[in-house]
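Be aware that the sequence shown starts at 1449, since it is given in this note's numbering, and climbs by one per residue. Data block below; observations after.
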Amino acid sequence: MAKRKFSLTASQIADLRSAYDQSKDGAFSKKLLAVRLYGSGREVTEILDLVLCSRSSLMGWCRRYQENGIEGLKDHRPGGNHYRLNQTQKAELSSFVNQYSPKQLLGKDYATQSGEHWTPTDLKQLIYQKFDVIYQSPSSYRLLLIECGLSYQRTETVYKSRSEFKLADFEEQLEKN
1449 MAKRKFSLTA SQIADLRSAY DQSKDGAFSK KLLAVRLYGS GREVTEILDL VLCSRSSLMG
1509 WCRRYQENGI EGLKDHRPGG NHYRLNQTQK AELSSFVNQY SPKQLLGKDY ATQSGEHWTP
1569 TDLKQLIYQK FDVIYQSPSS YRLLLIECGL SYQRTETVYK SRSEFKLADF EEQLEKN
C-alpha cells in the first residue's frame, strides 16, 4: 500500500474546521470536510461514504487546497443568467427604467397596452436594444427588475372586444339597482 503524501498540520486542520463552522454553502462545506478528513489520515473509502463524493473529486479538492488553500475550494463561477450584464450596464439600465416609461424608450414597440409600467417583456426589448443581450430565462428579467428597484406585477388582461360604452351602461345599471 502506498503511503499518503498529503497531510495537514494542526493549524491547517483548525483553519479548515473554522471555515467549515462558518460556511453556509453546502457544497463548500462538503469540500472542506473531505479535505480535512483526508489530510488527517482517514481511510479514503470512509471519506467517500461520509461525504458522498467520488475519489477523483476528493483528489481534485486536495490538489486545489494544496495549490491555493481554502480559497481554492470556493466556487468561483459567476453563476446565474442575470450576470450577463456587468455592474456599469446594470446601473445604466436602472437609471433608464427609473427615469423613463417603456413608451418613452421603446416607442410603439412597447409590450403593455398603456406602456406606463415596466414588464419583463419590455425589459427584454430594452436590454436587447441597448446591450445586445438576451437571457434564456424569464425569471432573469424579473430579477433585473427587482435589482433596479421595481417590483414585478402581472399585467391586467384587457379584452379587445370590450366596449367602454357598454361597460359604462352596465355600471350605471348596477348603481340604479
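For each residue, glycine too, the CB sits at the ideal point set by N, CA and C.
- The alpha helix (DSSP H) enclosing GLN1535, as first and last residue numbers: That run of the alpha helix (DSSP H) goes 1535-1547.
- Task: Work out the CA separation of ALA1475 and THR1493 for me, nearest whole Å.
- Result: C-alpha separation (whole angstroms): 19 Å.
- Cβ distance (whole Å) where GLY1487 is taken to contact SER1455 below 8 Å: Rounded, the Cβ-Cβ distance is 6 Å, consistent with contact.
- Message: Quick check: the Cα distance between ARG1452 and CYS1510, rounded to an integer number of angstroms?
- Response: If you draw a straight line from the Cα of ARG1452 to the Cα of CYS1510, it comes to about 12 Å.
- Query: Is ARG1484 buried or exposed, if buried means 16 or more other CB atoms sit within 10 Å of its CB?
  - Reply: Here ARG1484 is buried, its C-beta having at least 16 other C-beta atoms within 10 Å.
- Which of the three DSSP states, helix, strand or coil, is assigned to ILE1582? If DSSP states are grouped into helix, strand and coil, ILE1582 belongs with coil.
- Got a sec, what are the start and stop residues for the alpha helix (DSSP H) ASP1497 sits in? For ASP1497, the enclosing alpha helix (DSSP H) covers residues 1492-1499.
- Query: When the distance is taken between beta carbons, is TYR1468 closer than 9 Å to SER1477?
  - Reply: With respect to TYR1468, SER1477 sits close: the two C-beta atoms are nearer than 9 Å.
- Roughly how many angstroms separate the alpha carbons of LEU1496 and MET1507, rounded to a whole number? It is roughly 11 Å from the alpha-carbon of LEU1496 to the alpha-carbon of MET1507.
- For the 8 Å Cβ check, are there 3 or more pairs between the segment 1571-1581 and the segment 1537-1557? The segment 1571-1581 makes contact with the segment 1537-1557: 3 or more CB pairs, one atom from each, lie closer than 8 Å.
- Is GLU1564 helix, strand or coil by DSSP? Coil, per DSSP.
- Message: Classify SER1502: buried if its beta carbon has 16 or more other beta carbons within 10 angstroms, exposed otherwise.
- Response: Counting other Cβ atoms within 10 Å of its Cβ, SER1502 stays below 16 and is therefore classed as exposed.
- Do LEU1481 and LEU1498 come within 9 Å of each other at the CB atom, strictly closer than that value? Yes, these two residues count as a Cβ contact at 9 Å.
- Query: What is the DSSP secondary structure of ARG1503, counted as helix, strand or coil?
  - Reply: Shown here, ARG1503 sits in a helix according to DSSP, grouped into three states.
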